[in-house]
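> Chains as they are written, first to last, in the numbering used here: chain A, 1 to 187; chain B, 1001 to 1187.
Every residue, glycine too, gets a C-beta built ideally from N, C-alpha and C.
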DNA sequence: AGGATCATGTAACCGGTTACATGATTAC
DNA sequence: GTAATCATGTAACCGGTTACATGATCCT
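1) Going along chain A, which residues have a C-beta under 7 angstroms from residue 1119 (chain B)?
2) Locate the beta strand (DSSP E) running through residue 1058 (chain B), then write down its first and last residues.
3) CA-CA distance, residue 19 (chain A) and residue 149 (chain A)?
4) When burial is assigned at 16 or more other CB atoms within 10 Å of the CB, is residue 173 (chain A) buried or exposed?
5) Helix, strand or coil: how does DSSP classify residue 66 (chain A) here?
6) Does residue 96 (chain A) have its Cβ less than 9 angstroms from a Cβ in chain B?
7) Taking the alpha-carbon of residue 1157 (chain B) as reference, which of B:1085, B:1029 and B:1021 has the nearest alpha-carbon?
8) In whole angstroms, give me the CA-to-CA distance for residue 51 (chain A) and residue 89 (chain A).
9) Compare the C-beta of residue 11 (chain A) against all C-beta atoms of chain B and say whether one is closer than 9 angstroms.
10) Taking 7 angstroms as the limit between beta carbons, can you name the residues of its chain near residue 1082 (chain B), skipping five residues before and five after?
11) By the criterion of Cβ-Cβ separation under 9 angstroms, what are the contact partners of residue 39 (chain A) in chain B?
12) Quick one: is residue 1074 (chain B) near chain A, going by C-beta distance under 9 angstroms?
13) For residue 161 (chain A), count neighbouring C-beta atoms within 10 Å of its own C-beta (all shown protein chains included) and say buried if the count is 16 or more, exposed if not.
14) On the criterion of 16 or more Cβ atoms from any shown chain inside 10 Å, does residue 101 (chain A) qualify as buried, or is it exposed?
15) Rounded to whole angstroms, what's the CA-CA distance from residue 1002 (chain B) to residue 1183 (chain B)? Just pull it up for me.
16) From residue 1007 (chain B) to residue 1080 (chain B), what distance separates their C-alpha atoms?
17) Residues in the same chain with beta-carbon distance under 8 angstroms from residue 68 (chain A), minus the five sequence neighbours each way, listed in chain order, please.
18) Could you check where the alpha helix (DSSP H) with residue 25 (chain A) kicks off and where it finishes?
19) Exposed or buried, residue 180 (chain A), counting other C-beta atoms within 10 Å across all chains shown (16 or more means buried)?
20) Measuring straight from C-alpha to C-alpha, what distance separates residue 1169 (chain B) and residue 164 (chain A)?
21) Would you say residue 1127 (chain B) faces chain A, with C-beta separation under 9 angstroms as the test?
22) Is there a Cβ from chain B that is less than 9 angstroms from the Cβ of residue 43 (chain A)?
23) Looking at residue 1155 (chain B): is its Cβ nearer than 9 angstroms to the Cβ of residue 105 (chain A)?
24) Am I right that residue 75 (chain A) and residue 53 (chain A) are in contact with their C-beta atoms under 8 angstroms? What's the rounded C-beta distance?
25) What in chain B is Cβ-close to residue 178 (chain A), meaning under 7 angstroms?
26) How would you write the range of the alpha helix (DSSP H) that residue 1150 (chain B) sits in, first residue to last?
27) I'd like to confirm the pairing. Which residues does DSSP put opposite residue 71 (chain A) in its beta bridges?
28) Are residue 1065 (chain B) and residue 1011 (chain B) closer than 9 angstroms when you measure CB to CB?
29) For the alpha helix (DSSP H) containing residue 9 (chain A), name the first residue and the last one.
30) Quick test of your reading: residue 130 (chain A) and residue 1167 (chain B), contact by CB under 8 angstroms. State the CB separation rounded to the nearest angstrom.
31) Taking just the CA atoms, how far does residue 27 (chain A) sit from residue 99 (chain A)?
32) Quickly, what does DSSP pair residue 1095 (chain B) with across the bridge? List them, please.
33) Can you tell me the Cα-Cα spacing of residue 1040 (chain B) and residue 1034 (chain B), whole angstroms?
34) So residue 103 (chain A) packs on residue 175 (chain A), CB below 8 angstroms; how close in whole Å?
35) So, for residue 1143 (chain B): in the same chain, excluding its five sequence neighbours on each side, which residues have a beta-carbon less than 7 angstroms away from its beta-carbon?
36) Under a Cβ-count criterion, where at least 16 other Cβ atoms within 10 Å of its own Cβ denotes burial, should residue 1113 (chain B) be classed as buried or exposed?
Put into structure tokens, the structure is as follows:
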């Protein structure tokens, strides 16, 4: 399962709690793989049973106790094996409720469609701004998170951000062109 | 569930068997929503229990018997309701095993990464060709599938194809730029 | 001779989502 | 005061994947 390897990959940078693992997901990896807290906690206990991580409890007086997870040697090995094993098919199946409705667009009012395209555009533009903000504070975050070689990690994290930005710009342009075409279209 | 509405949407163009429903998915809607045969059969029986479709068996001597599904009035209504009810969030969560490995690219050999990027590029280029072929034979398929207003349907189906083509071209460009940057990078 | 196509399903499994449960501290 | 953050989990549910089962005809 990819989620568990994503988690092992993060833990290979250093020990973390489930909660802080979630933070890393949200701040960086969510570009590429989203995860919920309940999933992370469930998966952590599976990983511990497999011997890929081990945990120690750190008592805190002012805050709830922490269960800190460390990656084991077996965990590092399993992660490296997964990492090197690229799947044959490099694409993933697509399921998009918005596009499904566009597919059946002939059964909708033109005005309603334009409203929805505009909503789509503004949501994508908002997300583009989020990505640009992440990008601009990236080197700070890199040094926090990655201890060994922050510059090298930044190269690859920038690849994922760049893909996000490029595809966002493209779908915004696509939606704008759709609105234009719809405007011209008379039925 | 979106799958069932996608199925109802197709059935609103005319009666079909589970098997031929799958064909329509593969030829057109799979751009936007993929479905497996077992899923389709399972979902058809659910839809029948709900009264959204009804089936009749057509005996065939040379081929296995067909169970032909028709959409009911209640089904049409449910479909229209779903269609008009665009979700607030117009994007879908992303989970991409390839990108996850790129994210951890600093832990891989540069040469291996370039090989994988090249594979990515050739796969995307192949898929782009498939899309272009679909596009060029689209008007034929439109008249086959859509009885009422093929030109209007074609407009929207072209929207989905166009998005596919645009994003494919973008990710190909992205991957090429990554290879270029990787080539320059010395560690 | 062998693989693709037509045609219909069932059952087990797996992983992602949602809801539930608890509760202190900190910042506005 | 109230919302957010810190912190950990469990349980039920739902939908997508994979494997199994069957068998004739058509095309190469």
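Let's see:
1) For the purposes of this step, residue 1119 (chain B) is taken as the residue at position 119 of the second chain. In chain order: 90.
2) Sequence index remark: in the second chain, residue 1058 (chain B) carries index 58 (1-based). Its beta strand (DSSP E) spans residues 1053-1058.
3) Here residue 19 (chain A) corresponds to residue number 19 of the first chain, with the count starting at 1. Here residue 149 (chain A) corresponds to residue number 149 of the first chain, with the count starting at 1. Straight-line measurement puts the Cα of residue 149 (chain A) at about 24 angstroms from the Cα of residue 19 (chain A).
4) Mapped onto the first chain, residue 173 (chain A) falls at position 173. With fewer than 16 Cβ atoms within 10 Å of its Cβ, residue 173 (chain A) is classed as exposed.
5) On the first chain, residue 66 (chain A) is found 66 positions in, with the first residue counted as 1. Correct three-state label for residue 66 (chain A): strand.
6) Taking the first chain and counting its residues from 1, one reaches residue 96 (chain A) at position 96. So, interface residue.
7) The sequence position of residue 1157 (chain B) within the second chain is 157, counting from 1. Comparing Cα positions, the closest option is B:1029.
8) As a first step, residue 51 (chain A) is located in the first chain; it is residue number 51 there, counting from the start. As a first step, residue 89 (chain A) is located in the first chain; it is residue number 89 there, counting from the start. For residue 51 (chain A) and residue 89 (chain A), the distance between alpha carbons rounds to 30 angstroms.
9) On the first chain, position 11 is the one that residue 11 (chain A) refers to. So no, residue 11 (chain A) is outside the interface.
10) As a first step, residue 1082 (chain B) is located in the second chain; it is residue number 82 there, counting from the start. Taking C-beta separations shorter than 7 angstroms and ignoring five residues to either side along the sequence, the partners of residue 1082 (chain B) in its chain run 1005, following chain order.
11) By 1-based counting over the first chain, the position of residue 39 (chain A) is 39. None at all; the shortest Cβ gap to chain B is about 12 angstroms.
12) The residue given as residue 1074 (chain B) occupies position 74 in the second chain. Closer than 9 angstroms: no.
13) The count along the first chain starts at 1 and reaches residue 161 (chain A) at position 161. Looking at its Cβ environment, which holds 16 or more other Cβ atoms inside 10 Å, residue 161 (chain A) is buried.
14) Here residue 101 (chain A) corresponds to residue number 101 of the first chain, with the count starting at 1. Label assigned to residue 101 (chain A): buried.
15) As a first step, residue 1002 (chain B) is located in the second chain; it is residue number 2 there, counting from the start. As a first step, residue 1183 (chain B) is located in the second chain; it is residue number 183 there, counting from the start. Straight-line Cα distance between these residues: approximately 43 angstroms.
16) The residue you call residue 1007 (chain B) lines up with position 7 of the second chain. The residue you call residue 1080 (chain B) lines up with position 80 of the second chain. About 13 angstroms.
17) Position 68 of the first chain, counted from the start, is the residue given in the question as residue 68 (chain A). 15, 16, 17, 55, 56, 57 and 58, listed in sequence order.
18) In the first chain, counting from the first residue as 1, residue 25 (chain A) sits at position 25. From DSSP, the alpha helix (DSSP H) with residue 25 (chain A) extends over 18-27.
19) In the first chain, counting from the first residue as 1, residue 180 (chain A) sits at position 180. It counts as exposed.
20) Here residue 1169 (chain B) refers to the residue found at position 169 when the second chain is read from its first residue. Here residue 164 (chain A) refers to the residue found at position 164 when the first chain is read from its first residue. Taking the CA atoms as reference points, residue 1169 (chain B) sits about 14 angstroms from residue 164 (chain A).
21) Taking the second chain and counting its residues from 1, the one referred to as residue 1127 (chain B) is at position 127. Closer than 9 angstroms to some Cβ of chain A, the Cβ of residue 1127 (chain B) qualifies, so yes.
22) For the purposes of this step, residue 43 (chain A) is taken as residue 43 along the first chain, with counting starting at 1. With 9 angstroms as the cut-off, residue 43 (chain A) does not count as an interface residue toward chain B.
23) The residue you call residue 1155 (chain B) lines up with position 155 of the second chain. The residue you call residue 105 (chain A) lines up with position 105 of the first chain. Residue 1155 (chain B) is a Cβ neighbour of residue 105 (chain A), given a cutoff of 9 angstroms.
24) As a position in the first chain, residue 75 (chain A) is number 75, starting the count at 1. As a position in the first chain, residue 53 (chain A) is number 53, starting the count at 1. Rounded to the nearest angstrom, the Cβ distance from residue 75 (chain A) to residue 53 (chain A) is 6 angstroms, consistent with a contact under 8 angstroms.
25) For the purposes of this step, residue 178 (chain A) is taken as residue 178 along the first chain, with counting starting at 1. Proximity of chain B to residue 178 (chain A) at the Cβ level (cut-off 7 angstroms) is accounted for by 1159, in chain order.
26) For the purposes of this step, residue 1150 (chain B) is identified with residue 150 of the second chain, where counting begins at 1. Where residue 1150 (chain B) is concerned, the enclosing alpha helix (DSSP H) stretches over 1150-1184.
27) As a working mapping, residue 71 (chain A) is identified with position 71 in the first chain. Note: residue 71 (chain A) sits in a beta bridge opposite A:53.
28) By one-based count along the second chain, residue 1065 (chain B) stands at place 65. By one-based count along the second chain, residue 1011 (chain B) stands at place 11. At a Cβ-Cβ threshold of 9 angstroms, residue 1065 (chain B) and residue 1011 (chain B) do not count as neighbours.
29) Position 9 of the first chain, counting from 1, holds the residue named residue 9 (chain A). Note, residue 9 (chain A): alpha helix (DSSP H), 2-11.
30) Translated into the one-based positions of the first chain, residue 130 (chain A) becomes position 130. Translated into the one-based positions of the second chain, residue 1167 (chain B) becomes position 167. Not confirmed; about 19 angstroms, so no contact.
31) To locate residue 99 (chain A), count along the first chain from 1; it is residue 99. To locate residue 27 (chain A), count along the first chain from 1; it is residue 27. Their backbone Cα atoms lie some 27 angstroms apart in a straight line.
32) Stepping through the second chain from its first residue, residue 1095 (chain B) is reached at position 95. A:33, per the DSSP bridge assignment.
33) Along the second chain, one-based indexing puts residue 1040 (chain B) at 40. Along the second chain, one-based indexing puts residue 1034 (chain B) at 34. Using only the alpha carbons, I get a separation of about 10 angstroms.
34) Here residue 103 (chain A) corresponds to residue number 103 of the first chain, with the count starting at 1. Here residue 175 (chain A) corresponds to residue number 175 of the first chain, with the count starting at 1. With a contact defined as Cβ atoms closer than 8 angstroms, residue 103 (chain A) and residue 175 (chain A) miss out at about 15 angstroms.
35) For the purposes of this step, residue 1143 (chain B) is identified with residue 143 of the second chain, where counting begins at 1. Within the same chain, residue 1143 (chain B) has close Cβ partners 1150.
36) For the purposes of this step, residue 1113 (chain B) is taken as the residue at position 113 of the second chain. So residue 1113 (chain B) counts as buried.
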